[in-house]
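This report concerns only the one structure given below.
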Amino acid sequence: MSILKLTPACKDYLWGGTKLITDYSKRYDGARLAETWELSGHPDGPSVLASGPDAGKTLAEYLAAHPGALGEHGRKFAELPVLIKLIDAAKDLSIQVHPDDAYARAHEGQNGKTEMWYVLSAAPDAFLYCGFSRDISRDELARRIADNTLPEVLRRVNVKAGDTVFIPAGTIHAICRGIVVAEVQQSSNVTYRVCDYGRLGPDGKPRALHIAQALDVTHRTAGVPTPDFGGHLARCDYFTVDLLAAPQAAPCGAESFLSLLILDGEGEVRCGGETVRAKKGDSLFLPAGSGEVRLTGTLRALVTRI
401 MSILKLTPAC
411 KDYLWGGTKL
421 ITDYSKRYDG
431 ARLAETWELS
441 GHPDGPSVLA
451 SGPDAGKTLA
461 EYLAAHPGAL
471 GEHGRKFAEL
481 PVLIKLIDAA
491 KDLSIQVHPD
501 DAYARAHEGQ
511 NGKTEMWYVL
521 SAAPDAFLYC
531 GFSRDISRDE
541 LARRIADNTL
551 PEVLRRVNVK
561 AGDTVFIPAG
571 TIHAICRGIV
581 VAEVQQSSNV
591 TYRVCDYGRL
601 GPDGKPRALH
611 IAQALDVTHR
621 TAGVPTPDFG
631 GHLARCDYFT
641 VDLLAAPQAA
651 PCGAESFLSL
661 LILDGEGEVR
671 CGGETVRAKK
681 GDSLFLPAGS
691 GEVRLTGTLR
701 ALVTRI
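In terms of the working numbering, the sequence shown has 583 at position 183, counting the first letter as 1, and numbering is strictly consecutive.
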């Protein structure tokens, strides 16, 4: 099998909505669904193979049995380096920051987190926070966290469907209400929350903040670096992301696996003599060396490789 359908892990956080269920056909019994971890080898939310002879196994188990599936570029990683999510922000997410690899491995035993968002839909007034509007000192950052004035110095970015936001590790950020995104990130679950608007968690207590760690890792200069991605939506040491729309094709060579997250439409995915029906919301994994993959019908996909 060179085309493997995946079943995601589902996450019910207090800011989630219902669009992943109604618009992306995710099977979930709860009243709200905040995130689906579509491509994940992370133990906190592994995706599961839904097709092929290894159906029922986690993606991590499949990769352990087929180490070549990551591809030549995957050899420098001990595990799948990428985690891909769908996120429905019906309410504001916390203002947060992620550490880089060095800090996360020293303090958390995990990878750091550089990530990117591809905006799938946004309310007319939707915005997010990404970086600072001006340079800020460590002391001022600590004071503004303490007195709840941090949003006053954050860089506010209005967004619409089709926008891409790249967020290097150390960048303070938040997805705000009315936005649905596809997120491609390092395989990590380390988040340092600095502002949660006084909300209570499921246990009736305020959710934990991680202020000391955030002060250690936050980049406090204005703006966010905008690298040259060479025509890609995003490109870094951990992932390269592109869009693919039917009737286009893309190579899946020996260098890397290919992840297809279907953003719109329905049709067929063809590769290596196989044909699989696909629709909006589906997540597919193609092991490295599978050959050319072609989309038909009205499919549009986010394509991720190492």
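The C-beta atom is built at its ideal place from N, Cα and C for all residues, glycine as well.
Problem set entry | Coil, strand or helix - H507 by DSSP | helix
Exercise. If you draw a straight line from the alpha carbon of V676 to that of S683, how long is it in whole angstroms?
Worked result: 12 Å
Problem set entry | Whole-Å CB distance - G512 paired with D501, under 8 Å assumed | 4 Å
For this session: For the alpha helix (DSSP H) holding L439, just list the boundary residues, first then last.
Result: Counting along the chain, L439 falls outside any alpha helix (DSSP H), though it belongs to the beta strand (DSSP E) covering 435-439.
For this session: With DSSP as the reference, label T564 as helix, strand or coil.
Result: strand
Problem set entry | Bridge partner(s) assigned by DSSP for R670 | T675, R694
For this session: May I ask you to report which of helix, strand or coil DSSP gives K426?
Result: coil
Exercise. Whose C-alpha, out of P602, D492, L550, is nearest the C-alpha of A574?
Worked result: D492
Problem set entry | C-alpha gap between A688 and T549, whole angstroms | 48 Å
For this session: Rounded to whole angstroms, what's the CA-CA distance from V448 to L541? Just pull it up for me.
Result: 41 Å
For this session: Apply the 10 Å Cβ neighbour rule to K605 and answer buried if 16 or more other Cβ atoms are within range, or exposed otherwise.
Result: exposed
Exercise. Is it the case that the Cβ atoms of L420 and L406 are separated by a distance below 7 Å?
Worked result: Not closer than 7 Å, so no.
Problem set entry | Per-residue burial, G681 [other beta carbons within 10 Å of its own, 16 or more giving buried] | buried
For this session: With distances taken Cα to Cα, identify the nearest neighbour of L459 among H507, T704, A478, P408.
Result: P408
Exercise. Beta carbon of R593, beta carbon of Q496: below 7 Å?
Worked result: yes
Exercise. Taking contact to mean at least 3 C-beta pairs separated by less than 8 Å, is the stretch 559-568 in contact with the stretch 513-528?
Worked result: yes
Problem set entry | Coil, strand or helix - E479 by DSSP | coil
Exercise. If you draw a straight line from the alpha carbon of G441 to that of C636, how long is it in whole angstroms?
Worked result: 19 Å
Exercise. Excluding sequence positions up to five away, which residues of its chain have a Cβ less than 8 Å from the Cβ of R620?
Worked result: F532, D535, I536, S537, R538, L541
Exercise. How would you write the range of the beta strand (DSSP E) that Q585 sits in, first residue to last?
Worked result: Here the beta strand (DSSP E) through Q585 covers 579-586.
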